[in-house]
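To keep things clear, I will list the structure first and then write my remarks on it.
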Amino acid sequence: MNMEEALTVIQKIKDAWAAFGQSMAGAAQALEDMFRSLGESNELWPKRNGMPPKKYGMSLHRRVRPAPPRYQFVPVTPRNRPYQRRAF
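So the number in our numbering is just where the residue sits in the sequence shown, counting from 1, plus 3.
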């Protein structure tokens, strides 16, 4: 195999890879168009732009209310117990 044969083989591989890339780009474009048309379809989403915020908006969200204060009782520390005295 000389240099010219290697260059022709490399050129064939390059052309095949370019054709594969073109076919993949075409398939990706077709998928993109399909999903865009599904998202913009009025038959599937009839109330997409016509629903007011009161019907579908902040009124349906869960509001976080502050928790009531907890029981904060702290007992008085006992003093002058027998076990607190020193025995000299």
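The beta carbon of each residue, even a glycine, is placed where N, CA and C say it ideally should be.
Note on geometry: alpha-carbon atoms of M37 and P71 lie some 52 angstroms from one another. Residue state for F76 is assigned as coil, using DSSP reduced to three classes. Less than 8 angstroms separates the beta-carbon of L47 from that of L41.
Here the alpha carbon of Y74 sits roughly 18 angstroms from the alpha carbon of T80. Here the alpha carbon of R51 sits roughly 28 angstroms from the alpha carbon of V67. In the structure shown, R84 falls within a coil segment according to DSSP collapsed to helix, strand and coil.
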